[in-house]
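Residue numbers (the numbering used here): 148 to 289.
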């Protein structure tokens, strides 16, 4: 059974991380690329945001007694299979999971211009994820 408090907590965390990232958007690309402290703050916040989405998905998948495929992308895919998130959102969040792995494990050098673009172009997908999960949670209560 899905623990609504766990889902709500993860949604709140994701919302806070998204807001933090939105506040960091005001910096120019040149300043971002040259400032390692800001880079680390953005990267860590992105990793936390993506991880909160994974944790939420993992809880919902387990509560619905779906078997785990063993990867974080499989957890996100389960939300799509359950009809909780749209296909577009699922695909974009799955991409974000791969991006989190690059940031967390430093597979090669992190391209700071790419991170800057993610910061400015891709937060809307996390907002959609949050909206879709919140709608699913509301619909369950009706």
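Note that the Cβ used here is the ideal one computed from N, Cα and C, for glycine as well.
Between the region 238-250 and the region 180-188, do at least 3 Cβ pairs fall closer than 8 Å? Too few Cβ pairs lie closer than 8 Å, so no.
Residue 280 and residue 154: beta carbons closer than 8 Å? Yes, the pair counts as a contact, with Cβ atoms nearer than the cut-off.
Between which residues of its own chain and residue 156 is the CB-CB distance below 6 Å, once the five residues before and five after are set aside? Counting only Cβ-Cβ distances below 6 Å, and skipping sequence neighbours, we find nothing.
I need the straight-line Cα distance from residue 208 to residue 253, nearest angstrom please. Those two C-alpha atoms are separated by around 28 Å.
Hey, would you say residue 225 sits closer than 8 Å to residue 243, going by beta carbons? No, the pair does not count as a contact, with Cβ atoms beyond the cut-off.
Can you tell me where the alpha helix (DSSP H) holding residue 194 begins and where it ends? 183-210 is the extent of the alpha helix (DSSP H) around residue 194.
Classify residue 221 as helix, strand or coil using the three-state DSSP reduction. It is helical.
According to the neighbour-count rule (16 or more other Cβ atoms, all chains shown, within 10 Å of its Cβ), is residue 222 buried or exposed? Counting Cβ neighbours within 10 Å, residue 222 comes out buried, since at least 16 surround it.
Since residue 240 is in the alpha helix (DSSP H), which residue starts that stretch and which ends it? Run containing residue 240: 234-252, per the alpha helix (DSSP H) assignment.
DSSP three-state assignment for residue 227, whether helix, strand or coil: Helix at residue 227.
Per-residue DSSP class, three states only, for residue 152: Taken through DSSP and simplified to helix, strand or coil, residue 152 comes out as helix.
Determine the extent of the alpha helix (DSSP H) in which residue 264 is found, giving its start and end residues. Counted as a single uninterrupted DSSP element, the alpha helix (DSSP H) harbouring residue 264 occupies residues 259-268.
Is the distance from the Cβ of residue 219 to the Cβ of residue 232 below 8 Å? When the beta-carbon positions are compared, residue 219 and residue 232 stay at least 8 Å from each other.
Does DSSP put residue 314 in a helix, in a strand, or in coil? The structure shown does not extend to residue 314, since the chain is modelled only from 148 through 289, so no value can be given for it.
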